[in-house]
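J.:
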Amino acid sequence: VVPSTLLPRNSRNMNHFPISDTSDSAYSEWLVKHSLPPYLGQPCSFAFTVDNDEVIFKGKFVNPATHSDLLVAGTATSRTPFCVLFSDGECKRYSKTQADRAVKLSHKIDLIAAIIAHVSIHDMLGLDSLAPL
Numbered sequence: 137v138v139p140s141t142l143l144p145r146n147s148r149n150m151n152h153f154p155i156s157d158t159s160d161s162a163y164s165e166w167l168v169k170h171s172l173p174p175y176l177g178q179p180c181s182f183a184f185t186v187d188n189d190e191v192i193f194k195g196k197f198v199n200p201a202t203h204s205d206l207l208v209a210g211t212a213t214s215r216t217p218f219c220v221l222f223s224d225g226e227c228k229r230y231s232k233t234q235a236d237r238a239v240k241l242s243h244k245i246d247l248i249a250a251i252i253a254h255v256s257i258h259d260m261l262g263l264d265s266l267a268p269l
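Residues are numbered in the numbering used here as their position in the sequence shown, beginning at 1, plus a constant of 136.
(1) I'd like to confirm the pairing. Which residues does DSSP put opposite E226 in its beta bridges?
(2) Closest to K196 by C-alpha separation, out of Y175, K232, D236 and A162, would be which residue?
(3) Determine, using beta carbons only, whether V239 and K228 come nearer to each other than 8 Å.
(4) Rounded to a whole number of angstroms, what is the C-alpha to C-alpha distance between S242 and F184?
(5) Can you name the start and end residues of the alpha helix (DSSP H) that D189 belongs to?
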């Protein structure tokens, strides 16, 4: 009998998130192991086109094993390691590049909201704080 550690590994499965341990800590360790950003729990924003208009949806990065069906979680690899739960309850998987863009967009939206909330900045720019931008 050959020990399983000596058997050749299927390279297609080496980057899969292990479904055997679906905890957030196991997912966080998997992200670190694959040199991916620790986005778990962070807010994000994605822009989608709906009826020829661009709409921004806010979401949060979640553990794919606990927030998507087993088929999606089971096929998750380092190519699409991130799962976003949107405010409408929909979950989608994203690549590192897409996730990075979503985090940057979320930061920009937060910055704009902080600027809009500052009456003194509106006064400096000569804007009416009640007028929409």
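Backbone N, C-alpha and C fix where the C-beta goes; we use that ideal spot for every residue, glycine too.
T.: So, from the listed chains and residues:
(1) BP columns for E226 are empty, so no partner.
(2) Y175
(3) no
(4) Between the alpha carbons of S242 and F184 lies a distance of about 14 Å.
(5) Element bounds for D189: not the alpha helix (DSSP H) but the beta strand (DSSP E), D189 to V198.
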